[in-house]
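If you're matching them up, the sequences are chains A and B in order. Residue 1 is where the first sequence starts when you use my numbering, and the numbers rise one by one after that. Residue 1 is where the second sequence starts when you use my numbering, and the numbers rise one by one after that. In this text, a Cβ means the ideal position worked out from N, Cα and C, and glycines have one as well. Source: prediction; values computed, not measured. Structure record follows, encoded as structure tokens.
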Amino acid sequence: MIDRRHIGHTLPPFEVEVEKGRLRFFAKATGQTDPVYIDEAAARAAGHPGLPVPPSFFFCLEMESPNPAAIRELLGMDYRSLLHGEQGFSYHAMAHAGDTLRFEQRIADIYDKKGGALEFVVRHTRVSNQRDELVAELRCVTVVRNG
Amino acid sequence: MTTITLPAWDALQPGDTLPPLELPAITRLTLALYCGASGDHNPIHVDTDFAKSAGMPDVFVHGMLSAAWLARLLTNWVPQSAIRSLDVRFAAITQVGERITCTGTVAEKFEHEGRRWVRLQVATANEQGTPKLTGEALVAWL
């Protein structure tokens, strides 16, 4: 069982620069053909200062953490037993290529079901930009299959 | 090129559906590209040997790739700045070879803090109609 004393634990904040080439690669990988997400002129014509960060890409930027395995290591979770159970995003402001985003992660909850056969780790992440504006809040539920 | 604009809130009714987003059959290349572009290098999605060692019959689709498709469903319908939230549950594993369709339905219209909102039910399903991701999104009109 995962030690519940880790509930409330905060991880060291980190910053990630949003790169436009990476956004174009993500567009290709997700089948995105809307030019707003690929072509800077189209993005500007739609009122954006640069290529916009698409809704789910904040989760990918969060993986740019200096140690993306930090929570797994802290809680002693094996990759092979993990499933992504739920993912939530709340949006407060748009982010664009060239922005530097700050990620603040916290273990919000740890609980179990089915007599401990399944454990759940809930991570909350606050994302703000270089102007200290709140951009997004993320909620990730990881499921640990025990036994 | 057309710029997406918000549909008329007044004309929307619960039960209205968004234009569905139909994806081509998923290949291993799809998963390799998403692995690189997303930064999710978990080998269970691209390395069959690893997937088998974890008790899975084969590699399988990143849940967050399906979430990205649901995001495309939404941004095909409204400008991204109008999307206030997206919450998904990974109900079943999406397999290589499946053809996924993303759907959205207006569940509720309401006014809150001087804004007009729509709550959408969103989902992905395979060609048999088996749900893979289910969730909801909130869209706000200024």
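The secondary-structure analysis by DSSP pairs residue 52 of chain A across a beta bridge with A/96.
Annotation note: the region 61-125 of chain A contains the following uninterrupted alpha helix (DSSP H) runs of length 4 or greater, listed N- to C-terminal: 70-75. DSSP places residue 62 of chain B in the coil class of the three-state scheme, outside both helix and strand.
Note that the region 50-67 of chain B touches the region 87-95 of chain B; at least 3 beta-carbon pairs, one per stretch, sit closer than 8 Å. Separation of residue 108 of chain B and residue 136 of chain B (C-alpha to C-alpha, rounded to the nearest whole angstrom) is 11 Å. DSSP, reduced to helix, strand and coil, places residue 99 of chain B outside both helices and strands of the structure shown, so it counts as coil. Non-local C-beta neighbours of residue 84 of chain B in its own chain, meaning closer than 6 Å and more than five positions away in sequence, comprise 138 and 140, ordered along the chain. Residue 132 of chain B counts as buried, since no fewer than 16 other beta carbons sit within 10 angstroms of its beta carbon. In this structure, DSSP gives residue 11 of chain A a state outside helix and strand, which the three-state scheme calls coil.
Note on residue 40 of chain B: 16 or more other CB atoms within 10 angstroms of its CB, so buried under the neighbour-count rule. Per DSSP, residue 136 of chain A is one residue of the beta strand (DSSP E) stretching across 134-145.
Only 76, 79, 80, 81, 83, 84, 85, 86, 87, 88, 89, 90 and 93 from the region 76-110 of chain B bring a Cβ to less than 9 Å from some Cβ of chain A. At least one CB of chain A lies nearer than 8 Å to the CB of residue 72 of chain B.
Segment contact: the region 1-9 of chain A against the region 71-82 of chain A, three or more CB-CB distances shorter than 8 Å; contact assigned.
When secondary structure is reduced to three states using DSSP, residue 44 of chain A falls in the helix class.
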